[in-house]
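Here is the structure we will look at, set down as structure tokens.
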DNA sequence: TTGACATATTCCCATATTGGAATATAATAT
DNA sequence: ATATTATATTCCAATATGGGAATATGTCAA
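Following this line, the structure appears as structure tokens:
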């Protein structure tokens, strides 16, 4: 069995660095394909292909205006990633808290040593 | 060019649902391979292979005790994902804020209507 | 030393990938 | 109608994938 398709879920879609970059460039704006071609410096078909994947997964929405297609980030489709990774954030924060405690203990001990 | 290897970065490593599941089962615990085999119900080689990918990317650390190998999540390796996805969170929260404002405005207008 | 246990590695297959080049589609302007 | 502009799609190659089965490695116990 091969790896799950990139059109399967946001995790797979966003595993590709170029698609993350594309989403970053889009940001909160609504841009046409050629705007993205210009800002990213990629070929037009490459931009269109990556947009296609992002659209299939629902990470971008498309609006047709004349012969242009305007794309916009649909940030809510990133929520599964946010929701999955957030609980782990407590693990490194917990470590920092522990680190803080360790540092505080070290200060106390130094105090004890110096005042003794 | 093929897709970037799963051992390339945490985004690619975590794109595979089974590896996310494995990290979830590990959680804050330190477990041996056989514990994971039991809890996940996968074959032992499959568990070892996924652990291998996670270890290459630095998402788990390994400690050898006797003939066992104890694995633990290295949550900090998930920070790039957290850092990348977090800014987008404001986009859907902003929408909710806007929604809140709209709802508040609706209430005000209703008040105006009823008190007039 | 030999056997049992815990884990990792290798080999194979079917499948999906990304990028490049070429081409197709769709909408507007002349 | 035709040319031009904007975008999408198709075809190709090289490569990496995850699962299954079999096997190798490493560690302890008798």
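Chains as they are written, first to last, in this note's numbering: chain A, 74 to 189; chain B, 74 to 189.
Every residue, glycine too, gets a C-beta built ideally from N, C-alpha and C.
Here the structure is a predicted model, which means the values were calculated and not measured.
- In terms of Cα proximity to residue 151/A, the closest of 104/B, 94/B, 165/B is 165/B.
- Within the segment 169-180 of chain B, no residue has its Cβ closer than 8 Å to any Cβ of chain A.
- Put simply, the segment 110-127 of chain B touches the segment 76-96 of chain B. At least three CB pairs are less than 8 Å apart.
- By the 16-neighbour rule on beta-carbons within 10 angstroms, residue 87/B is buried.
- Between the beta-carbon of residue 154/B and that of residue 78/B there is about 17 Å, and that puts the pair past the 8 Å contact cut.
- Neighbours of residue 93/B in chain A, taken as residues at a C-beta separation under 7 Å, are given in chain order as 157.
- For residue 116/A, the closest Cβ of chain B is not nearer than 8 Å.
- Within a 10 Å sphere around the beta-carbon of residue 138/B sit fewer than 16 other beta-carbons, which makes this residue exposed.
- Residue burial annotation: residue 104/A is buried, with at least 16 other C-beta atoms found within 10 angstroms of its C-beta.
- Boundaries of the alpha helix (DSSP H) around residue 86/A: 83-86.
- In the three-state DSSP reduction, residue 150/A falls in the helix class (H, G or I).
- In this structure, the CA atom of residue 143/B is about 24 Å from the CA atom of residue 170/A.
- As summarised for the segment 93-142 of chain B, the continuous alpha helix (DSSP H) elements at least 4 residues long and confined to that stretch are 106-113, 117-130, given in chain order.
- When CB distances to chain A are screened at a threshold of 8 Å, the residues of the segment 131-149 of chain B falling below it are 146, 148, 149, in chain order.
- Contacts between residue 85/A and chain B, judged by CB atoms closer than 7 Å, involve 88 in chain order.
- In the three-state reduction of the DSSP assignment, residue 76/B falls in the coil class, being assigned neither a helical nor a strand state.
- At a beta-carbon threshold of 8 Å, the residues of chain B lying near residue 101/A are 164, ordered along the chain.
- The residues 120, in chain order, have a CB closer than 6 Å to that of residue 109/A in the same chain once the five nearest residues on each side in sequence are set aside.
- Residue environment for residue 148/B: buried (at least 16 other C-beta atoms within 10 angstroms of its C-beta).
- What residue 151/A touches in chain B, judged by beta-carbon distance under 7 Å, is 158, 161, going in chain order.
- Within the model, the alpha-carbon separation for residue 117/A versus residue 123/A is close to 10 Å.
- Within chain B, 88, 89, 90 have C-beta atoms less than 8 Å from the C-beta of residue 77/A, given in sequence order.
- Between residue 158/A and residue 158/B, the beta carbon gap of about 7 Å places them in contact (Cβ cut-off 8 Å).
- Sixteen is the threshold: since fewer than 16 other Cβ atoms of the shown chains lie within 10 Å of the Cβ of residue 172/B, the residue is exposed.
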